[in-house]
Structure formats: structure tokens, C-alpha cells
Ligand code: HEC
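Residue numbers (our numbering): 11 to 195.
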């Protein structure tokens with residue numbers, strides 16, 4: 011009877027029950043604890059590494075960056091969607107500076123020789139990241155003195171947009187623009 015009373019008491023007071031030696035039995039297993047011993051190398055491809063290193067401080071440093079994302083059909087499609095959401099408001103749906111505000115704010119056409127031939131892909135990426143004279147930053151607004159912009163485009167998304175601007179925009183340009191570009195070659 012007395013034993014039963016103690017068992018009942020132990021069951022009713024879990025705090026006291028934890029004091030028994032068996033409470034920690036499961037912790038003390040012959041296994042390697044976190045931070046214990048020499049860390050084994052991770053098996054190949056077991057750590058999800060996303061993103062690409064882009065430790066550049068400004069657009070000048072970005073100029074010679076090599077685009078790490080191939081201009082595949084998927085990348086261009088992703089870039090096109092983002093372009094239409096973010097860039098088109100100022101640069102026009104076709105990138106020809108035909109939006110109602112393009113002229114008012116001086117948003118240049120992106121489908122002419124200046125952007126298509128003279129600007130490097132790194133520079134275009136840098137422009138999206140850090141902004142330009144008037145254009146806000148879409149990667150690192152905190153690097154601007156006026157802090158204008160948003161940081162809602164990931165590094166990869168910015169390269170997708172570069173792929174669209176450099177490899178997709180002209181294919182969709184109005185016939186007159188394409189003819190002019192062809193005549194210029
Ligand atoms: C709020 C309006 C606005 C938005 C949105 C905008 N731009 Fe611009 N962009 C401008 C203006 C204005 C200029 C020209 C003056 C300047 O350089 O700031 C410009 C210039 C540029 C240039 C030329 C930079 C140079 O060196 O001359 C590129 C390339 C460009 N924009 C790409 C983009 C892309 C790609 C997007 C979308 C991610 C985008 N812009 C979104 C306003 C905008």
C-alpha cells in the first residue's frame with residue numbers, strides 16, 4: 011500500500027520524477043554530440059547552397075561581373091515577368107521608353123544600341139542592384155545616399171532580368187525598332 015502511494019506521488023509530481031537517474035538515460039548515448047570532436051566533411055551536395063556571391067560595393071565594381079546564369083528560355087521567361095512587374099512602369103512594356111512616365115522622368119529606352127551593345131551585363135545588373143542617377147535601387151537601396159528603392163529582387167532575379175533585357179527584349183521589340191537595330195549592324 012505504501013509503495014503504491016509513492017508511485018502515485020511520483021506520477022502526480024513530474025518535477026520530482028525527473029530527479030531520478032533514469033530521467034537522463036536517453037541523453038547519454040554513445041553518439042557524437044553537436045560541436046563534439048572533429049567535424050566530418052559534409053558529403054558532396056548535402057548542403058543547399060543557394061545564391062551567388064556578389065560582394066561588390068557599387069555599379070562600377072559590378073561592371074565586369076560575369077553573368078552566372080545562362081540565358082536559357084526559363085531564365086529569360088522569369089526575367090520577362092519581373093521586367094513587366096518592376097521595370098515596365100518606367101521603361102515601357104517593350105522597354106522602348108513608351109510608358110506614360112518614361113519621358114517625364116527621363117527613363118531611357120533599353121532596346122537601343124546604348125543598352126544592348128555598349129553596356130555590359132554586369133553594368134545592367136549593377137544598375138538594377140544599386141540604381142542609377144534617377145533610377146532607384148532594386149537590390150541594395152541602403153547603399154544609396156538617398157536610400158531610394160527596394161531590396162525585393164534577389165541576386166538571381168536580377169540576373170534573370172539582365173538575361174531578358176539582353177537576350178529577350180529585342181526579340182519582342184516593335185518591327186521598326188528591330189529593323190533599325192538590324193540596319194545598324
Ligand atoms: C522609377 C522608374 C524606374 C524604374 C522602375 C526602373 N528604371 Fe531604369 N532608369 C530609370 C531612369 C530615369 C533612367 C535614366 C536616368 C538614370 O540613369 O538614372 C534609367 C536607366 C536605366 C539604365 C541605363 C543605365 C545607364 O548606365 O545609363 C538601365 C540599364 C536600366 N535603367 C534598367 C532598368 C531595369 C532592368 C529595371 C527593372 C529592374 C529598371 N531600369 C527600372 C528609371 C527607372
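In this text, a Cβ means the ideal position worked out from N, Cα and C, and glycines have one as well.
(message) Would residue 141 and residue 121 be called neighbours here (beta carbons separated by less than 7 Å)?
(response) No, the pair does not count as a contact, with Cβ atoms beyond the cut-off.
(message) Just to confirm, is the Cβ distance from residue 133 to residue 168 under 7 Å?
(response) No.
(message) With distance defined between alpha-carbon atoms, name the residue in 182, 131 and 104 nearest to residue 119.
(response) Selected option, being the one with the closest Cα: 104.
(message) Which of the three DSSP states is assigned to residue 116 in this structure?
(response) Three-state DSSP puts residue 116 in coil, outside helix and strand.
(request) Report the three-state DSSP secondary structure of residue 147 (helix, strand or coil). (result) Secondary structure at residue 147: strand, using DSSP grouped into helix, strand and coil.
(request) Using the Cα positions of residue 220 and residue 170, report the straight-line distance between them to the nearest angstrom. (result) Here the chain comprises residues numbered 11 to 195, so residue 220 is not present and cannot be evaluated.
(request) Assign residue 47 to one of three DSSP states: helix, strand, or coil. (result) Coil, per DSSP.
(message) Closest to residue 175 by C-alpha separation, out of 81, 13, 162 and 38, would be which residue?
(response) The residue with the shortest Cα to Cα distance from residue 175 is 81.
(request) Below 8 Å CB to CB, which residues in the same chain sit around residue 73 once its five sequence neighbours on both sides are set aside? (result) Counting only Cβ-Cβ distances below 8 Å, and skipping sequence neighbours, we find 130, 132, 133 and 136.
(request) Can you check DSSP and say which residues form a bridge with residue 141? (result) Per DSSP, none; premise fails for residue 141.
(request) Output the boundary residues of the alpha helix (DSSP H) element that contains residue 187. (result) Note, residue 187: alpha helix (DSSP H), 185 to 193.
(message) Distance cutoff 7 Å, beta carbons only. Does residue 65 sit that close to anything in chain D?
(response) The structure shown has no chain D; it contains just one protein chain.
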